[in-house]
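Residue numbers (the numbering used here): 4 to 461.
Idealized CB from N, CA, C, for every residue including glycine.
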Amino acid sequence: MAAALRDAERDAGRLPARGDFVIRGAYVVTMDPALGDRPGADVLLRDGEILAIGNDLAAEQAEAISGRGMMLLPGFVDTHWHLWNSFMRGLIGDGPGRDYFAVKRGLAPFYRPVDFYRAARLALAEAIHSGITTVHNWDHNLRGPDDADANILAQLDMGIRGRFSYGCPDNFARDRLMDLADLERFRTQWTPAATDGRITLGVALRGPFRTGPDIYRREWDAARKASLPITMHCDRCMREAGCCRCDIVTMKDKGLLGPDLQIVHAVHATPADIEAMAVTGTHLSLSPQTEMRTMGFPKVVEMLAAGVLVSLSIDTTATPSNADMFSQMRVTLSTETARIENAGLTPRRMLKMATLDGARDLGLADTTGSITPGKRADLILVRMHDLNMAPCGDPVDVLVLSGLPQNVDTVIVDGRVLKRSGMLTAVEPEQIAADTLDSVKSILEAAGWEVPPALLAS
Ligand SMILES: [Zn+2]
Numbered sequence: 004m005a006a007a008l009r010d011a012e013r014d015a016g017r018l019p020a021r022g023d024f025v026i027r028g029a030y031v032v033t034m035d036p037a038l039g040d041r042p043g044a045d046v047l048l049r050d051g052e053i054l055a056i057g058n059d060l061a062a063e064q065a066e067a068i069s070g071r072g073m074m075l076l077p078g079f080v081d082t083h084w085h086l087w088n089s090f091m092r093g094l095i096g097d098g099p100g101r102d103y104f105a106v107k108r109g110l111a112p113f114y115r116p117v118d119f120y121r122a123a124r125l126a127l128a129e130a131i132h133s134g135i136t137t138v139h140n141w142d143h144n145l146r147g148p149d150d151a152d153a154n155i156l157a158q159l160d161m162g163i164r165g166r167f168s169y170g171c172p173d174n175f176a177r178d179r180l181m182d183l184a185d186l187e188r189f190r191t192q193w194t195p196a197a198t199d200g201r202i203t204l205g206v207a208l209r210g211p212f213r214t215g216p217d218i219y220r221r222e223w224d225a226a227r228k229a230s231l232p233i234t235m236h237c238d239r240c241m242r243e244a245g246c247c248r249c250d251i252v253t254m255k256d257k258g259l260l261g262p263d264l265q266i267v268h269a270v271h272a273t274p275a276d277i278e279a280m281a282v283t284g285t286h287l288s289l290s291p292q293t294e295m296r297t298m299g300f301p302k303v304v305e306m307l308a309a310g311v312l313v314s315l316s317i318d319t320t321a322t323p324s325n326a327d328m329f330s331q332m333r334v335t336l337s338t339e340t341a342r343i344e345n346a347g348l349t350p351r352r353m354l355k356m357a358t359l360d361g362a363r364d365l366g367l368a369d370t371t372g373s374i375t376p377g378k379r380a381d382l383i384l385v386r387m388h389d390l391n392m393a394p395c396g397d398p399v400d401v402l403v404l405s406g407l408p409q410n411v412d413t414v415i416v417d418g419r420v421l422k423r424s425g426m427l428t429a430v431e432p433e434q435i436a437a438d439t440l441d442s443v444k445s446i447l448e449a450a451g452w453e454v455p456p457a458l459l460a461s
């Protein structure tokens, strides 16, 4: 098979080597229930693995990184993000034909493989800048084999950990089956060895409310036969013709639920729906900021009370959010506190949702999500004495209630330092912005849409 991209179209070969590091003197928030917080501790990393946590660790061979004045945390874990439509930021708005779904539908057919690569790279660069070390790339505009490969190449070249979920083209007909032959090709090609051990695979399915009965059953069976985890949007489909309420109880009756299924949104879920998810071990990914823009209030408290595994996601940077897990945690906490008396949520509970529970959702709890010896080194250092953080009496409270992406000083993924002293190490933001502009103009022109004057002037 021909390569999805020419070498000149990639930003490859720039990742720093995995190093031996000792991070000294940080306020370590392990998120490991057995280890707790360790003020002033050292953390030793070797070849991408967390080796030890302790005081005054002997580590003569390791490069020392000072953590003084900073907290050290596991990197944030996103569990649902449409990287491909990050180009639509600034194109979506409130005027006629400018809502999220209209713009997405209008531009989706005109992406080339290089555009998918660049859109993923833009989103992932912002993710790393913001301290997100694991991303679930949820591709619901997969127009051909090269598009899928271009996405994987972006995830590889950026050094981030994550999952890629293989989907259909945007607005795919209800009676058309996804390309199961290419899904099999994809699964056998992108093995752990081919993905640097950093990218796992899954399937993004439309399910019983967006396809006919024969279609969803065949797609579901193919995913389960291949042991691929499934993810599915479940919402009221308010703006989609021919779609109805996503009835989770009915899905349980059909045998579709289970611990291999991640449901996204479910803001409309009834108590019976929530119970169906809980008893089957079905997971939930929430993106509170986009949900409140287009669907309604996320049901965090009810889902947690029932025992459903809940994690947080960016969904899209097109509108109304960005790659900012701090604000996802904060907005969720405030909204639930306003919606429900005695909601019982705390900043630390939100941080667990954004780290360890996200890792559990993606089947990566043995790999990432906490600072635990034996896990991979996905860590962030956050400055505690920046103006918006000081005084940092309770570091986790301040992180969730006041933190911003610019407080993230250092980001390490799989033992590679991808951000240091506030600067990305493996990519040039100016080049990413220039490539983004080039791609967006190309897509708009191919679609016959007017290029906004602000982009023309750039
Ligand atoms: Zn989504």
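Rounded distance between the beta-carbons of residue j and residue i, thought under 8 Å
i	j	result
Asp417	Leu384	Their Cβ separation, rounded to whole angstroms, is 16 Å, which puts Asp417 and Leu384 out of contact at 8 Å.
Leu231	Val206	5 Å
Ala281	Gly310	5 Å
Gly119	Thr439	The displayed chain sequence assigns Phe, not Gly, to residue 119. About 13 Å; that fails the 8 Å criterion.
Thr198	Leu159	6 Å
Arg17	Ala429	5 Å
Asp238	Cys249	6 Å
Trp141	Thr234	6 Å
Leu421	Lys444	Wrong, their Cβ atoms sit about 29 Å apart, outside the cutoff.
Val32	Val399	6 Å
Leu48	Phe24	5 Å
Ile415	Leu365	Going by Cβ atoms, the distance from Ile415 to Leu365 rounds to 19 Å, so no, they are not a contact pair.
Gly324	Thr293	The question names Gly, but residue 324 in the sequence shown is Ser. Confirmed, about 6 Å.
Pro77	Ser316	Incorrect: roughly 17 Å between the Cβ atoms, too far for contact.
Ile135	Ala11	That pair is no contact at about 28 Å.
Arg124	Asp14	6 Å
Thr137	Leu367	7 Å
Glu161	Thr358	With the sequence shown as reference, residue 161 is identified as Met, and Glu is not the correct amino acid for it. Their Cβ separation, rounded to whole angstroms, is 20 Å, which puts Met161 and Thr358 out of contact at 8 Å.
Beta-bridge partners of residue i, as assigned by DSSP
i	result
Glu66	Phe24
Arg342	Arg342 is not bridged to any residue.
Ile415	Leu382 and Val420
Leu264	Ile233
Met426	Arg423
Glu52	Arg49 and Arg379
Val270	The partner list for Val270 (beta bridge, DSSP) is empty, contrary to what the question assumes.
Ala29	Ala44
Met73	Arg386
Arg166	His139 and Thr203
Arg451	At residue 451 the sequence reads Gly, which differs from the Arg that was named. In the DSSP output, where bridge partners are listed per residue, Gly451 has none listed.
Member of the options whose CA lies at the smallest distance from the CA of residue i
i	options	result
Asp404	Asp441, Gln331 and Ala450	Per the sequence shown, the amino acid found at residue 404 is Leu instead of Asp. Of the listed residues, the one whose Cα sits closest to Leu404 is Gln331.
Cys220	Gly200, Ala65 and Arg177	First, the amino acid is wrong: residue 220 is Arg here, not Cys. Cα-wise, what sits closest to Arg220 is Arg177.
Ile3	Gly93, Ala62 and Asp149	Look at the range of the chain in this structure, 4 to 461, and you will see that residue 3 is not part of it.
Ile56	Gln292, Leu204, Ala29 and His286	Ala29
Met356	Phe167, Gly299 and His286	His286
Pro432	Pro323, Asn325, Ile131 and Ser324	Ile131
His83	Ser290, Leu390, Gly147 and Pro99	Ser290
Gly100	Leu458, Leu427 and Trp452	Trp452
Ala321	Leu47, Ala126, Gly70 and Pro36	Ala126
Asp360	Pro36, Ala7, Arg9 and Pro19	Pro36
Phe212	Arg227, Ala226 and Thr253	Thr253
Leu208	Ser168, Leu354 and Thr191	Ser168
Gly299	His268, Leu315, Gly147 and Lys422	His268
Ile68	Gly372, Gly96, Ser424 and Ala457	Ser424
Ala225	Ala7, Arg92 and Asp182	Asp182
Leu145	His85, Val138 and Glu66	His85
Ala341	Pro301, Gly98, Gly258 and Met426	Pro301
Gly165	Pro408, Pro394, Ala362 and Leu427	Ala362
Asp256	His236, Glu278 and Ile446	Glu278
Phe329	Pro19, Thr319, Leu354 and Glu344	Leu354
Leu204	Gly372, Glu66, Arg188 and Ser461	Arg188
Leu390	Trp193, Trp87, Thr194 and Asn410	Asn410
Arg227	Ala450, Gly258 and Ala11	Gly258
Leu8	Met73, Ala151 and His143	Ala151
Met387	Asp369, Pro408 and Ile317	Pro408
Ile251	Val106, His236 and Asp276	Asp276
Asn154	Thr136, Glu344, Pro116 and Ala6	Pro116
Ala184	Ala65, Ile202 and Ala229	Ala229
Which runs of the beta strand (DSSP E) at least 3 residues long sit entirely within the stretch 185-233? Give them in chain order. 202-207
Counting pairs of Cβ atoms below 8 Å between the stretch 300-317 and the stretch 263-276, do you hit three or more? yes
Could you name each continuous beta strand (DSSP E) segment of 3 residues or more that falls completely within the stretch 75-163, going from the start of the chain to the end? 135-141
Does the pairing of the stretch 347-358 with the stretch 331-338 give three or more beta-carbon distances under 8 Å? yes
Check whether the stretch 164-181 touches the stretch 100-116, counting contact only when three or more Cβ pairs, one atom from each stretch, lie closer than 8 Å. yes
Identify every run of the beta strand (DSSP E) within the stretch 371-412, keeping only runs that are complete inside it and at least 3 residues long; order them along the chain. 382-386
Can you list, in chain order, the stretches of the alpha helix (DSSP H) that have 4 or more residues and sit fully within the stretch 283-311? 291-297 and 303-309
Residue ranges of each beta strand (DSSP E) within the stretch 312-341, 3 or longer: 313-315
The stretch 73-87 contacting the stretch 129-149, beta-carbon criterion three pairs below 8 Å: yes
Are the stretch 46-55 and the stretch 369-388 in contact at 8 Å, needing three or more beta carbon pairs? yes
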